[in-house]
Each structure stands twice: as C-alpha cells, then as structure tokens.
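Residue numbers (the numbering used here): 53 to 393. Even glycine gets a Cβ: it sits at the ideal position worked out from N, Cα and C. Structure first, commentary second.
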Amino acid sequence: MNHVSIGWDIGGAHVKVAVVENHEIIAVYQEPCPLWQGLDKLEYAVKTLLEKIPNLNTKHALTMTGELVDLFANRHDGVKQIIQTMTQLLADFDVQIFCGKSGLLPASKINETYFEAIASANWLASASFAAKQFEHCLFVDIGSTTTDILWCENGEVLALGFSDYERLISHELIYTGIVRTAVMSVVQTVLDNEKYVGVMAEHFATMADVYRLTGELSENHDQTPTADGAEKTIEASARRLSRMLGDDFKIEELDRWKRVASDIRQQHKQRIQKSCALHLTRSETKSTLIGAGIGRFLVQEIALLLECEYVDFSALFQKKHHGLIFNSADCAPAVAVAFLI
C-alpha cells in the first residue's frame, strides 16, 4: 500500500508544496502568493497547486511564515486565519500543523496556546531533518527573502532563539535573500569604475536584478514582480541598478553594471558568511555546512571559504528525484514536514 504525504510551506510571498510517496519525493512546486494583498491570493495559489498534485486520500502537513504579513492585526491573528483558510481548502483531507518542538498536531486540536510555536517555525522543520543526518552541522537556508542559520549537534537543532525577534538577535535569522530583498538594504556603497559610490535609499532595484546580472537566478525561481513593474531582462535589471547610483543605463556599458552587480553579490555573501562564522565558533572541530534554498550556491562558496565540507540538502534523500522543476532543497520546509507525517 502506497504511503503518500503532502507538505505545505505558506510564506508571505510564495506557497510551496512537496509530495512524498513511500519516502520518495515525487513532486515539488512553488507558486507566487502576495499574501499581504489578501487571503484570496492564498486561496488562488493553493487551488493552483492542488490542480498539479495527485488527488489522493492522504495526509497534509502545514508550516508557515506568512503570518507576519501586514494583512493581519498581529502574528497570532495571522496563524489563526492561515490555518482556517487552509483547513477549508483541504476540508476533504487529514490536515496536521507543525507546532515547533511539539511536532505535528491535528488541525482540529490547535488552539491559541499553540500559535506562538506555529508562527514562523518552518526553519525548525527543515533544520531538524538535516540535524538527524550529522553529528554536528550548520544548516543554512538562503531563500528569496530570508536566510536561516542553525547550529545542529547530536541530532538536535540547538537554536538560540525561536521567534523571529529572538532569531534576529541571535543572528540565526538574517533578513536577506536573493530575489525580493531591496538592494538598498544590502549595501550602502559599491565599487564602480574604481570609485566607491553611495547607494540611494530608494526601492529602485532588488537582489533579483543583481543575480540576473550575475547569471545565477533561475527563471523558475524568479516569480516576484520587479521594483518598477518592468521586464526581467538583463538590460532592464542593469537599468534598475543604474538608478541606485543616480546614473542612466547605456547598452554599451552593460559590462560595467555586471561588475557593480558582482560587487553587491560579494558584499551580500560576506554578510551571510560573517554570521555563519559566528555560529561555527560553537564547535572546536570543522563542521559540515548543509545548503538549502534557492540561494544555496552561496552556501557552497561560504563553506569553501570557511574550510568546511558542503552537503546539499537534496543529497540527504536516498532515492533520487529527476525531472522536477523545483529541487527538494529549493523548498526544504515543505519537504521536511511531508516526511514528518
């Protein structure tokens, strides 16, 4: 008899889903979901994804970060409304909610005493899955919007903080990613033509523009509208980046803006590397860095710089999954909660 489980990760900008059958990942999908615009955006994204996955009598597991968006009065209100919406959309199925250290609990058993544990706990699901594979490791998930850095030892996630507030203090949550993050929040100056130039505090460009110019942003991962609502071409990205320096883009200067993008990329990586190095001081021996998220190519580079072994999150699964548009490492929390069922 086949055992099928489906994991959901409800974010503020994307919804991710993973389908696991007999301990093998058979599908991973992601849909854009600007949740701050209304719960109808969540309903649309979930219905779109449900059309792609098998309609089986199976169990669904849910984790989230979307409760933080300013659609909701507060985080607990967000948790409540997201659970209500998802249980209505999945009314024909057994739905379980990831409650942090308490693991998965039936949606019918959830009350407000669990809301704090549910809020933005997706990092614990994926880091816990990775922790069980190593004696000690540093789990690093670089996504479209945020970066999670968790020290793991003896099969456990030794988190210093649990809420977003606590994790921002402990440098376990770095609010930076490779798509949605504004360039102005990553750098204050950039190197351009051998001069350091101040960067405007304007939302003219995002890190998606930077990683398009470096050639590292996959079209499948590029699901967020641009800062100016224009196209996602290399030239348009260079034009948006030029505005950050108070300049105008000329096609003959494309290489110039690619160099500027490379400098921003370097500063971006250094910021994440600094936090990784801080957490690695918790062990006297060299550790393994586990890379997850669509920006994990940076984790691989950071591991080399810190003289650590690198292991991709997707390598933690015995059975290989080929032909998927999205990799298991792209949507690690959704995959992790699917395996928890």
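So, under 8 Å CB-CB, residue i and residue j are touching, yes? Tell me the CB distance rounded to an integer number of Å.
i: Gly59; j: Val387; result: 6 Å
i: Leu94; j: Cys85; result: 6 Å
i: Leu190; j: Leu101; result: Going by Cβ atoms, the distance from Leu190 to Leu101 rounds to 31 Å, so no, they are not a contact pair.
i: Val71; j: Val56; result: 7 Å
i: Ala182; j: Leu368; result: 6 Å
i: Ile303; j: Val242; result: Actually they do not touch by this definition, with Cβ atoms about 20 Å apart.
i: Val249; j: Gln319; result: Not quite, the Cβ-Cβ distance comes to about 13 Å (not below 8 Å), so this is no contact.
i: Glu224; j: Gly213; result: 6 Å
i: Thr337; j: Phe186; result: Incorrect: roughly 12 Å between the Cβ atoms, too far for contact.
What does a CB cutoff of less than 7 Å around residue i pick up in its chain, not counting 5 residues either side in sequence?
i: Ala279; result: His255, Phe256, Ala257, Thr258 and Arg292
i: Pro158; result: Gln148
i: Ser222; result: Leu212 and Gly213
i: Trp203; result: Leu190, Leu210, His331 and Arg334
i: Arg127; result: Glu119, Leu120 and Ala171
Who are the Cβ neighbours of residue i in its own chain at under 6 Å, not counting the five residues just before and after it?
i: Ala379; result: Before going further, note that residue 379 is Asn rather than Ala in the sequence given. Here the set comprises Ser366.
i: Ala131; result: Residue 131 is actually Val in this sequence, not Ala. Hits under 6 Å: Glu119, Phe167, Ile170 and Ala171.
i: Asp244; result: Val312
i: Val121; result: Gly64, Leu87 and Trp88
i: Ser289; result: Asp261, Arg264 and Leu265
i: Val389; result: Gly59, Ala113, Thr115, Phe150 and Ala177
Which of the three DSSP states, helix, strand or coil, is assigned to residue i?
i: Ser327; result: helix
i: His223; result: coil
i: Leu141; result: helix
i: Glu83; result: strand
i: Glu287; result: helix
i: Gln322; result: helix
i: Cys151; result: coil
i: Leu243; result: strand
i: Gly118; result: helix
i: Ile354; result: helix
i: Val231; result: coil
i: Val387; result: helix
i: Val312; result: helix
Residue i: which of the options sits nearest, CA to CA?
i: Ser160; options: Lys68, Asp146 and Ser294; result: Asp146
i: Gln136; options: Ile162, Asp216 and Val72; result: Ile162
i: Asp307; options: Cys189, Gly267, Thr333 and Val235; result: Gly267
i: Leu142; options: Val98, Gln185, Cys151 and His128; result: Val98
i: Glu353; options: Cys328, Ser335, Ala260 and Arg264; result: Cys328
i: Val351; options: Tyr217, Asp200 and Lys104; result: Asp200
i: Asn12; options: Glu305, Lys247, His188 and Asp144; result: For the chain, the structure presents residues 53 to 393; residue 12 sits outside this window and is missing.
i: Gln82; options: Tyr96, His75 and Phe391; result: Tyr96
By Cβ distance, which residues of its chain are closer than 8 Å to residue i, with the 5 residues on each side in sequence left out?
i: Met252; result: Met236, Arg295, Met296, Leu297 and Gly298
i: Leu357; result: Gln325
| Are the stretch 357-369 and the stretch 61-72 touching, with three or more C-beta to C-beta distances below 8 Å? | no
| query | Contact between the stretch 256-276 and the stretch 223-235: three or more CB pairs below 8 Å? | reply | yes
| said: Any contact between the stretch 172-182 and the stretch 317-337? By contact I mean 3 or more CB pairs, one from each, below 8 Å. | reply: no
| task | Could you say if the stretch 189-200 and the stretch 343-357 meet the contact criterion of at least three C-beta pairs nearer than 8 Å? | result | yes
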